Amino acid sequence: MSNINRREFLKILGIGAFIGLGGWSLFEVVGRGEIEAFVERYRKAPEALHAKRWAMVIDLKKLNPKIINDCTEACHRIHNVPKILNPKEEIKWIWEEKFKNAFPELKDEYMAPEIKNMSVLVLCNHCENPPCVRVCPTKATFKRKDGIVMMDMHRCIGCRFCMAGCPYGARSFNWRDPRQYVKNENPEFPFRMKGVVEKCTFCYERIDRGLPPACVEVSNGAIIYGDIADPNSEVRKVLSSNFAIRRKAKLGTKPSVYYLI
Amino acid sequence: MLYDGGKIVFGLLIFIVFVTLPFTLSIGKEYYKPKVEINTPQIMKLPEAERKCVESKEFMRREHMKMLIDWRDAVVREGKTLYVNSQGKTFNMSLQNTCMHCHSNKSKFCDECHNYVKVKPYCWDCHIEPKENIKKEAGL
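Residue numbers (numbering that gives the first Met the number 0), protein chains in the order written: chain W, 0 to 260; chain R, 0 to 139.
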C-alpha cells in the first residue's frame, strides 16, 4: 500500500466517507427496529411441502364404507371438529354424500341406481377461483400461494357470506361452543369458538410440517394429492390417464378436487 | 387578609386528607404484586443454562403480546412455522405447543398478570390450555 497514488487514495477516501456517513445516517433514520425487521425472523420449516397449486384426486372405485369412515374420523379427530348430530348445526370438514347430490348436474333419469346412490367423499374444493374468498369482508378466508383456501379463525366475524358464496356447502357455522361436543380433544390443535365459520384447510398444519393431509394418509390409496402445476406429479399422471370430473365445474370456480369414476 | 380564612383552610385540610386517603390508609400494608411462577416441571427439567425463553425476560414482558400476534400472522397467513430468535436459535411458533409446553401453569403464569391489570385476552376461547391439577379459580 506504500505506492498508492493520488487517484487511489481519493477513491478509498470517497468510499470510506460514503460508507461511514451513509451507514451512520441509515442507522439514524431507519432505526434499529426496522433494520432488525429485515433479518428473516420467520422461516418455513425445511421439511415443509411446497407446491404451486395443491390438488387432490379421489378415486370413487376405491372408496368403501371403511375408508370413508376412516377419512372423516381422522380429519375430525385431529382438527377437534365437534360431533353435533342436529343437521342444522352440524360441523363437517369432509363427509359422505350420495353421487346424485354431489354431482346434481350429472343426474340423469336413466342413471343406474348404483351410480346415483354411490358414496362420494366431499370436502372443500380449494378452488382456484374461490367465491368464499371474494365475499369475505375481513379476509379471514384467503388463498395461500400454494392454492390452499385457508381460514384465519382470528379474523372471522361470522357473517356467513362465505357460506352463501360456496356452491359446495363445504363450510359450517359454529352455532354453539364446540368444546362440549369434542370427546377426545387433540391438544396440538385449537378449537374454534361460537360464531365462526370453519372448513377443511387441506391440513395446512401438516403440509407445513412435511406431512400429507390426514385423509390422504388413512385413505389406503383412494385419495392422492400433489402439485397440479407440476406435470410430473402423481395427480397429473393420474389425471392424464383417467377420466376425471369435478363438482359443478361449469360454475367457473375451478375446483382442485378431482373425482375418478 | 383572607375572608373566612379559618373555614377555607379547614375545608382545604379536609379535602387534602380525603384525597390522600387511599395512600395514607395503605401505609404499612403490603402491596399486592402478581406472583408469576416459572418453576414448572418442564422448565425445571432443562439444564440451568438453557432455562431461557425465546427472547430475553425483559423483551417478553414488554412485547409478548405483539410477538404472539406476529407469530400468528406468520403461521396462519404465510405458512412460516419457525422463529429465529436474537441468538440464532430456532423455535416452532405455536402458543399451544411451544409457549404452553414450558409454561404449563396458565393460572400462575398468564392469568396472574392478566388478572392484575384486568385484561382478558381471548386466546383461550379456541386454544386449548394445558391441563393443570389445581382447580380453576371461580369466575375464570
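Quick reminder that beta carbons are idealized off the backbone N, C-alpha and C, glycines included. From a predicted model like this one, the values you see are computed outputs, not experimental measurements.
For residue i, the three-state DSSP class (helix, strand or coil)
i: W/A54; result: strand
i: W/E174; result: Before going on, a small fix: residue 174 of chain W reads as Trp here, not Glu. Coil at W/W174, not helix or strand.
i: R/N91; result: strand
i: W/I222; result: strand
i: W/G15; result: helix
i: W/T140; result: strand
i: R/P33; result: coil
i: R/L139; result: Low confidence applies here, because R/L139 scores a pLDDT of 40, under 50, leaving its location unreliable; read the following figure in that light. Coil.
i: R/L12; result: helix
i: W/W92; result: coil
i: W/R42; result: strand
i: R/V75; result: helix
i: W/A243; result: strand
i: W/Y257; result: strand
i: W/V148; result: strand
i: R/L24; result: helix
i: W/K236; result: helix
i: R/K134; result: Summary for R/K134: the model assigns pLDDT 47, below 50, so the residue's position carries little reliability; its value from the coordinates is reported in the next sentence. Note: R/K134 maps to coil in three-state DSSP.
CA nearest to the CA of residue i, picked from the options
i: W/Y257; options: W/K249, W/L238, W/R159; result: W/L238
i: W/W92; options: W/H78, W/P112, W/E113; result: W/H78
i: R/M59; options: R/V74, R/D72, R/F108; result: R/F108
i: W/N68; options: W/N231, W/F172, W/S232, W/V121; result: W/V121
i: W/L59; options: W/P189, W/S118, W/E184, W/F17; result: W/S118
i: W/D226; options: W/I18, W/S24, W/R52; result: W/R52
i: R/E128; options: W/S232, W/F188, W/V234; result: W/F188
i: W/L62; options: W/G15, W/L25, W/I114; result: W/I114
i: W/F102; options: W/L84, W/R76, W/Y167; result: W/Y167
Contact test: residue i Cβ vs the ligand GTP heavy atom, cutoff 8 Å
i: W/I93; result: As far as ligands go, the structure on display features none, and thus does not contain the ligand GTP.
Within chain W, the residues that residue i reaches when beta carbons sit closer than 7 Å
i: R/D124; result: M192
i: R/N96; result: E187
i: R/R71; result: H153
i: R/I127; result: E184, P186, P189, F190
C-beta contact flag for residue i and residue j at 9 Å
i: W/L215; j: W/M55; result: Here residue 215 of chain W is Val; the residue named in the question, Leu, does not match the sequence. For W/V215 and W/M55, yes; Cβs fall inside 9 Å.
i: W/L48; j: W/I206; result: yes
i: W/G164; j: W/C131; result: yes
i: W/M162; j: W/R170; result: yes
i: W/M150; j: R/D124; result: no
i: R/S103; j: R/P40; result: yes
i: W/A228; j: W/A50; result: yes
i: R/N91; j: R/L81; result: yes
i: W/G209; j: W/A73; result: no
i: R/L67; j: R/C101; result: no
i: R/M64; j: R/P120; result: yes
Beta-carbon neighbours of residue i, restricted to chain R and to distances below 9 Å
i: W/K43; result: E77, G78, K79, T80, L81
Chain R residues whose Cβ lies nearer than 7 Å to that of residue i
i: W/R143; result: G78
i: W/Y203; result: G78
i: W/D207; result: G78, T80
i: W/W40; result: Here residue 40 of chain W turns out to be Arg, not Trp, going by the sequence shown. Neighbours of W/R40 on chain R, chain order: Y82, V83.
Q) Quick check: the stretch 154-168 of chain W against the stretch 130-145 of chain W, are there 3 or more CB pairs under 8 Å? A) yes
Q: Would you check if there are 3 or more beta carbon pairs closer than 8 Å linking the stretch 109-117 of chain R to the stretch 226-244 of chain W?
A: no
Q.
Check whether the stretch 143-154 of chain W and the stretch 113-130 of chain W are in contact - that is, three or more C-beta pairs closer than 8 Å.
A. yes
Q) Three or more C-beta pairs closer than 8 Å, one from the stretch 180-187 of chain W and one from the stretch 80-92 of chain W: is that the case here? A) yes
Q: Taking 8 Å as the threshold, find out whether the stretch 88-107 of chain R comes into contact with the stretch 35-44 of chain R through three or more Cβ pairs.
A: Yes, since at least three Cβ pairs between the stretch 88-107 of chain R and the stretch 35-44 of chain R fall closer than 8 Å, the two stretches touch.
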